[in-house]
Amino acid sequence: MERVTEDQVGQLNKFVLARIADADSLQEEARPAVMALRIAAGKQIAAVLFHRTSSAVQRAETELHAAASWNLLVALAGVWRDHPDFPADAAIETFEFDSETPLSPLDTHPADVPG
315 MERVTEDQVG QLNKFVLARI ADADSLQEEA RPAVMALRIA AGKQIAAVLF HRTSSAVQRA
375 ETELHAAASW NLLVALAGVW RDHPDFPADA AIETFEFDSE TPLSPLDTHP ADVPG
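For the sequence shown, my numbering gives the first residue as 315, with consecutive numbering after it.
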């Protein structure tokens with residue numbers, strides 16, 4: 315998360331939230347899906363912002379959750395990759411995931427993982 319700047323966080327958050335429609339303007343069957351998407355995006359944004367404003371001790375504990383939240387926001391933004399305002403410089407993943415151990419970064423070896 316250290317390589318992601320405050321400006322990138324702001325750009326991506328603003329872009330994703332701007333792409334999600336206002337639920338009030340939609341027909342009844344589309345409202346729950348849009349509301350759920352807005353809630354999910356909001357929770358990911360909150361996790362990233364919480365991590366970035368936390369003390370050094372808290373940041374050590376929230377790093378993995380914040381990175382996963384950021385990567386989810388990047389994935390959401392990627393839905394609109396062809397949009398002219400797509401913030402390509404902000405939409406960078408913090409690390410890649412291995413399909414067999416999705417909660418561990420690719421550069422982590424099993425011997426390095428505690429437990």
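Heads up, the beta-carbon is just placed ideally off N, CA and C, and yes, glycines get one too.
Rounded to the nearest angstrom, what separates residue i and residue j at their Cα positions?
{"i": "L363", "j": "A389", "result": "18 Å"}
{"i": "A335", "j": "N327", "result": "14 Å"}
{"i": "N385", "j": "I359", "result": "11 Å"}
{"i": "P428", "j": "H365", "result": "Confidence is the limiting factor: at P428 the pLDDT is only 47, short of 50, which leaves the residue's position unreliable and the question unanswerable from this model."}
Per DSSP, what kind of secondary structure is residue i in: helix, strand or coil?
{"i": "M349", "result": "helix"}
{"i": "Q322", "result": "helix"}
{"i": "P424", "result": "Below a pLDDT of 50, predicted positions are generally treated as unreliable, and P424, at 48, falls in that range; no measurement from the model is reported."}
{"i": "R395", "result": "coil"}
{"i": "R317", "result": "coil"}
Determine whether the beta carbon atoms of residue i and residue j lie at a separation below 8 Å.
{"i": "V330", "j": "L340", "result": "no"}
{"i": "A354", "j": "R345", "result": "no"}
{"i": "M315", "j": "E375", "result": "no"}
For residue i, I'd like the list of residues in its chain whose CB is within less than 8 Å of its CB, leaving aside the five on either flank, ordered along the chain.
{"i": "Q322", "result": "P401, D403, A404 and I406"}
Report all residues from its chain with a CB closer than 7 Å to the CB of residue i; omit the five preceding and five following residues, and keep chain order.
{"i": "T408", "result": "M315, V318, A381, W384 and N385"}
**Asked** In the segment 353–390, which residue ranges form an unbroken beta strand (DSSP E) of at least 3 residues, counting only runs that do not cross its ends?
**Response** Qualifying beta strand (DSSP E) stretches: none in this window.
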